[in-house]
Amino acid sequence: MTKTRVTITAVCLLASTSTYSSEQIAMAGPIFDSAPVHHYVPLKNQVDNLLAEALLSIQENRLDIALKQIESLLRLHPDYRLAQLIHGDLLTARIQPLTNFGNSKVVTPAIADLRDEARARLSSYLDRPSVGMVPQQLLQLDPSIPTAVVVDTDKSRLYVFKNQHGVLQNVADYYVTIGKNGVDKTREGDNRTPLGVYYITHKLEGNKLPDLYGNFALTLNFPNDWDEKLGSFGHGIWLHGTTSATYSRPPKASSGCVVLTNNDLVELGKYITPSLTPVVIADHIKWVPARSAESSKDELMKQVETWRHDWESRDTDRYIKHYAANFTANKIKFSDWANAKRRVNQGKTWIKVALSRVSIFEYPGQKNMYMVSFEQDYRSNNLDNVMHKRQYWVNQNGNWKIVAENGA
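First residue of the sequence shown? That's 87 in my numbering, and the numbers climb one at a time after it.
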């Protein structure tokens, strides 16, 4: 298969030394490969398509075509500031040479923000994941979960996957804004977006929210169990839209939330099931063939099965060996938890534990850590209990240990 190589150089800049025929926009970034659509997941977002095609037309000095493409985009969204700026540059280029993006000698923060947005959107247009590739973070999704969301903060992109009997299909992706100061949220007010595996808990309707949040908001369970173990503080991390007067925001402009355009948020809402839909926020997605994750998944599940079997054995020492020395459960430290387990097991004559609805995630931002989510059916001579549980497993020098475990 022959690929067309597209080289994107310099800064996001509209520059010329002559007149209309020689102006061009050169966008910052690496060399990307583009290929026939049937090998790559097509970009379904019309706004991103029109914008990227216009930028590439400008790069190729086809400015009349670029003008028509930008005007088509503005007919759809007249409040789109980036498109307005490029439109103004293209009109100005007909009568005089342009020396900078936005025809300004000084790069203002507002222009720098628009450059960054153009760069992020064009990058997503040119660097598409191949059909059949999935994020390594999604090792296994139980068939009862209809969809999953994965956010690539480095690319300012949110991807939606339909779960068809455990097989993931990439069905949509959208440009997003993240925190002003990037990722790795640790405290209230740090203007960072957290990395981790979260769940959408509620949908808050827009008519009950300030205009800042757009059409509606989807709340996440931040801080989750792992965040609390690390001492990460904060609240109110949501997926939400933009103000009614703004089409989109720069790549880094929120207080920590993941922000979409209102149109994209409405589309995303069609795929969301509160309390079921996981949202994985990662600083980078590693795209892998679906089957390549099988070995990692199988190795971990063997450990989970051994843990389950050792619990049933009522041999407390064997059971607690699966837990790390820094393990915590519902904020209870390891020694207190282990002593409580020994006391409980003294009153057991038999234990049966069944696991179902198992999902496995490679945890973002942590080395060799995985979150296993499952429904646990516990039965013994004096207690029956069914609960949803999440465990955080770490592979330390070839040894699997549970570092956190909480009922969900």
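For each residue, glycine too, the CB sits at the ideal point set by N, CA and C.
For Ala140 and chain C, any beta-carbon pair shorter than 8 Å? No chain C is present in this structure, which holds just one protein chain.
Distance, Gly174 Cα to Trp486 Cα: 58 Å
Per DSSP, which one or two residues make a beta bridge with Trp479? Tyr456 and Ile488
Alpha carbon to alpha carbon, how far is Asp270 from Arg394? Give it in angstroms, no decimals. 33 Å
Looking at Phe302: is its Cβ nearer than 8 Å to the Cβ of Lys315? no
Go through its chain and collect everything with a Cβ distance to Asn431's Cβ below 6 Å, but skip five positions before and after it. Arg400 and Thr402
Check whether the segment 467 to 486 touches the segment 251 to 270, taking contact to mean three or more Cβ pairs, one atom from each stretch, closer than 8 Å. no
How big is the Cα-Cα spacing for Asp199 and Pro336? 5 Å
Distance, Leu149 Cα to Phe319 Cα: 50 Å
According to DSSP, what are the bridge partners of Thr233? Lys248
Near the ligand ZN: Pro336 beta-carbon under 7 Å from a heavy atom: For the structure depicted, the ligand ZN is absent and the ligand set is empty, with no information on it obtainable.
Closest to Met455 by CA distance: which of Leu224, Glu146 and Asn348 is it? Leu224
So the candidates are Pro232, Pro221, Phe187 and Asp238; which of them puts its Cα closest to the Cα of Ser210? Asp238
Only counting the same chain, and skipping five residues up and downstream in sequence, which positions put a Cβ closer than 8 Å to that of Gly317? Thr272
For the beta strand (DSSP E) that contains Ala339, what are its first and last residues? Lys338 to Ser340
Buried or exposed (CB count within 10 angstroms, at least 16 for buried), Thr194: exposed
Grouping DSSP H, G and I as helix and E and B as strand, with all else coil, what is Ile111? Unreliable placement is indicated for Ile111, whose pLDDT of 34 sits below 50; the coordinate value is still reported in the next sentence. It is a strand residue.
Leaving aside the five residues before and after Leu325 along the sequence, list all residues of the same chain whose C-beta is less than 6 Å from its C-beta, in chain order. Leu304 and Val344
Euclidean distance between Cα positions of Val365 and Tyr285: 6 Å
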